[in-house]
Amino acid sequence: MITLTDISSLEFYRCVQQQAISNLLEQQRSAGMPPPSKPATNKLSPTRTPNFARPTRKELDWVLSHYGSYLTQPIHVMIPDQAFRLRHPAVVNHVCSTVDLANISLRIEPHMAVVLPEICFAYLAASLPPAQALMVGMELCGAYRINRFAERGFTNVSPLTTQQAIARTLRGLSGTKSLNNGRQLVRYLHNDSRSPMESALATILSLPIKRGGQGFPPMQLNARLSVPKEAYPLVNSRYLLADLLWEEQRVIVEYDGILDHTGAERITQDAGRRIVLESMGFTVMTLTKKQVCNWQSFLAVKNILDKYLGIRRRSSKYDWSELQHQLWRDLLFSR
Numbered sequence: 056m057i058t059l060t061d062i063s064s065l066e067f068y069r070c071v072q073q074q075a076i077s078n079l080l081e082q083q084r085s086a087g088m089p090p091p092s093k094p095a096t097n098k099l100s101p102t103r104t105p106n107f108a109r110p111t112r113k114e115l116d117w118v119l120s121h122y123g124s125y126l127t128q129p130i131h132v133m134i135p136d137q138a139f140r141l142r143h144p145a146v147v148n149h150v151c152s153t154v155d156l157a158n159i160s161l162r163i164e165p166h167m168a169v170v171l172p173e174i175c176f177a178y179l180a181a182s183l184p185p186a187q188a189l190m191v192g193m194e195l196c197g198a199y200r201i202n203r204f205a206e207r208g209f210t211n212v213s214p215l216t217t218q219q220a221i222a223r224t225l226r227g228l229s230g231t232k233s234l235n236n237g238r239q240l241v242r243y244l245h246n247d248s249r250s251p252m253e254s255a256l257a258t259i260l261s262l263p264i265k266r267g268g269q270g271f272p273p274m275q276l277n278a279r280l281s282v283p284k285e286a287y288p289l290v291n292s293r294y295l296l297a298d299l300l301w302e303e304q305r306v307i308v309e310y311d312g313i314l315d316h317t318g319a320e321r322i323t324q325d326a327g328r329r330i331v332l333e334s335m336g337f338t339v340m341t342l343t344k345k346q347v348c349n350w351q352s353f354l355a356v357k358n359i360l361d362k363y364l365g366i367r368r369r370s371s372k373y374d375w376s377e378l379q380h381q382l383w384r385d386l387l388f389s390r
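Each number in my numbering comes from the position in the sequence shown (counting from 1) with 55 added on.
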C-alpha cells in the first residue's frame with residue numbers, strides 16, 4: 056500500500072473529487088477511530104506490520120500512472136519501518152514507526168491510501184515555514200481548496216477537518232517530537248474560511264504580535280447570523296454569513312476583492328446586506344483588495360479596527376513592525 060503524506064497528501068486532497076473524499080472521511084470517523092499513538096514498547100516491525108502498509112514497486116507504478124499528473128515529484132510516502140523503503144527517484148520515504156498507519160490514514164484505492172487531513176497538517180507544519188503551514192491548516196479547516204485551474208485559483212467545497220480535530224489528533228501523538236511545530240501552530244487556526252484571502256486576513260489580524268500578527272482577539276469566520284423576518288426582502292435570505300465576526304463587540308469585517316470594479320446589481324446587494332447587519336446592531340467594516348494589499352492603508356485599517364473593538368495598545372520596548380510587515384507580505388504576496 057502506498058500511503059501519501061506531507062505535500063503529496065495535500066496535493067491529493069486538492070485534486071480529487073471532494074464529495075467522494077468527504078464521504079470516505081465521514082464513514083471512517085463515524086466508525087470510530089482508535090487512538091493514533093502506540094506505546095514505545097510496541098513499535099511496528101517488518102514482521103508485525105499490517106499488509107496494507109507494505110508498499111511495493113508495482114503499487115508505486117499504479118499510483119504514478121493514475122495520479123502522477125496531480126502530484127509533484129518526488130512523491131512523499133509514509134512507511135512504518137526503514138526495511139520498507141522504496142528506493143526510487145520518484146519517492147521520498149518518511150519513516151513513522153511509533154504510529155499504526157491504519158489509524159492515521161484513509162484508504163482510497165486497493166493500492167493507495169493518504170494520511171488523514173489532521174496528519175497532513177501535522178507533518179507539513181514540521182517542514183514548512185510557519186506562515187505557509189498556517190495557510191495549509193486554514194485550507195484544510197476551510198470551505199475551499201486551492202485549484203490552479205479554477206478562475207479564482209480555488210474552489211469552494213466542504214471542510215476536510217476542524218481546528219479542534221487537529222488539536223485532538225496532535226494530543227494523541229504526544230510522543231512524536233517532530234510534530235512540535237504543529238502543536239504550537241494549531242491554536243492559531245480558524246474554521247470555515249471560504250477563501251485564501253480570508254485565511255490570510257484572519258491570520259494577519261489574529262496572530263500574536265510576537266509572531267508577526269496584529270494581536271486582535273479571537274474571531275469567528277463565516278459565522279451564520281439569522282436575519283430578522285422583516286428584513287428578508289433586503290437580502291432574499293433567512294441568514295447571512297459574516298466574514299470575520301467579533302460577536303461580543305458586535306463588529307464585522309467583510310472582504311470584497313471585486314468591490315473596486317463591480318456593477319449596479321452587486322452594489323445594491325451589498326447595500327442591502329450592510330443595512331440589515333447594521334440594523335442588527337453590528338458595526339460593519341468592508342475592505343477591498345487595494346486597502347488590504349497596501350501596507351499604509353492596512354495600518355490605517357488596523358487603527359480603525361482598534362477603535363471599533365475598544366482596544367488600547369500598550370507601548371512595547373520591542374519594535375515588532377518589521378516582523379509584522381514580513382508576515383503581511385508573506386501571506387498576501389508569496390502564496
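Beta carbons: idealized from backbone N, C-alpha and C, even for Gly.
In this structure Ala75 is exposed. Its beta-carbon is surrounded by fewer than 16 other beta-carbon atoms within 10 angstroms. In this structure, DSSP gives Glu302 a state outside helix and strand, which the three-state scheme calls coil. A Cβ-Cβ contact shorter than 8 Å links Ala255 with Leu387. According to the DSSP assignment, Ile264 belongs to no beta strand (DSSP E), since it is labelled neither H nor E. If only uninterrupted beta strand (DSSP E) runs of at least 3 residues are considered, those enclosed by the stretch 180–234 are 199–201 and 209–211.
For Gln381, the closest C-alpha among the options Ala286, Ala186 and Ala180 is that of Ala186.
Counting the other Cβ atoms within 10 Å of the Cβ of Ser250 gives 16 or more, which makes it buried. In this structure, Gly197 is the residue among Gln82, Asn349 and Gly197 with its C-alpha nearest to the C-alpha of Phe209.
Here the alpha carbon of Arg142 sits roughly 47 Å from the alpha carbon of Gly270. Listed as beta-bridge partners of Leu59 by DSSP are Val132 and Val169. In this structure, the straight-line span from the alpha carbon of Glu194 to that of Ser261 is close to 16 Å. Contact check for Cys151 and Pro135: beta-carbon distance about 6 Å, within the 8 Å limit, so the pair qualifies.
Burial state of Gln351 is exposed, judged by a 10 Å Cβ sphere holding fewer than 16 other Cβ atoms.
Out of Val132, Tyr125 and Thr217, the CA that lies nearest to the CA of Arg203 is found in Tyr125. DSSP places Thr153 in the coil class of the three-state scheme, outside both helix and strand. Cβ-Cβ distances below 8 Å link Arg109 to Met56 and Phe139 in the same chain, with the five nearest sequence neighbours on each side left out; the list follows chain order.
The straight-line gap separating the alpha-carbon atoms of Ala180 and Arg328 is approximately 38 Å. If you check the CB distance, Thr58 and Leu156 come in under 8 Å. Taking C-beta atoms as the reference points, Asp247 and Leu225 fail to come closer than 8 Å.
Around the C-beta of Ser63, 16 or more other C-beta atoms lie within 10 Å, and the residue is accordingly described as buried. In chain order, Leu161 place their CB closer than 7 Å to the CB of Gln83, counting only its own chain and leaving out the 5 sequence neighbours on each side. Its Cα nearest to that of Trp117, the residue Met167 stands out among Arg368, Ser371, Arg367 and Met167. Glu114 and Ala188 have their C-alpha atoms some 30 Å from each other. At least 8 Å separates the beta-carbon of Met252 from that of Gly192.
For the options Gln137, Ile163, Gly123 and Asn349, the alpha carbon positioned closest to that of Gln72 is the one of Ile163.
By the neighbour-count definition (other C-beta atoms within 10 Å, threshold 16), His245 is a buried residue. When the five nearest sequence neighbours on each side are left out, the beta carbons in the same chain lying within less than 8 Å of the beta carbon of Leu364 are those of Phe271, Pro272, Trp301, Gln304 and Val306, in order along the chain. Close CB contacts of Ser77 within its chain, under the 7 Å cut and outside five residues either way in sequence, are with Ser213 (chain order).
Following the DSSP letters along the chain, one finds Ser248 in no alpha helix (DSSP H), marked with neither H nor E. In the DSSP assignment, Arg384 falls outside any beta strand (DSSP E) and lies within the alpha helix (DSSP H) extending over Ser376 to Phe388.
In the same chain as Glu309, and ignoring 5 residues on each side of it, the C-beta atoms closer than 8 Å to its own belong to Ala297, Asp298, Leu299, Val339, Met340, Thr341 and Leu342, in chain order. Taking C-alpha positions only, Pro172 is separated from Lys357 by approximately 33 Å.
Rounded to the nearest angstrom, the gap between the Cα atoms of Leu183 and Ala177 is 10 Å. By the criterion of a C-beta distance shorter than 8 Å, Leu332 is surrounded in its chain by Leu280, Leu295, Ala297, Ile307 and Val339, once the five residues flanking it on both sides are discounted.
For Gln346, the three-state secondary structure derived from DSSP is helix.
Assigned with DSSP and collapsed to three states, Leu289 falls in helix.
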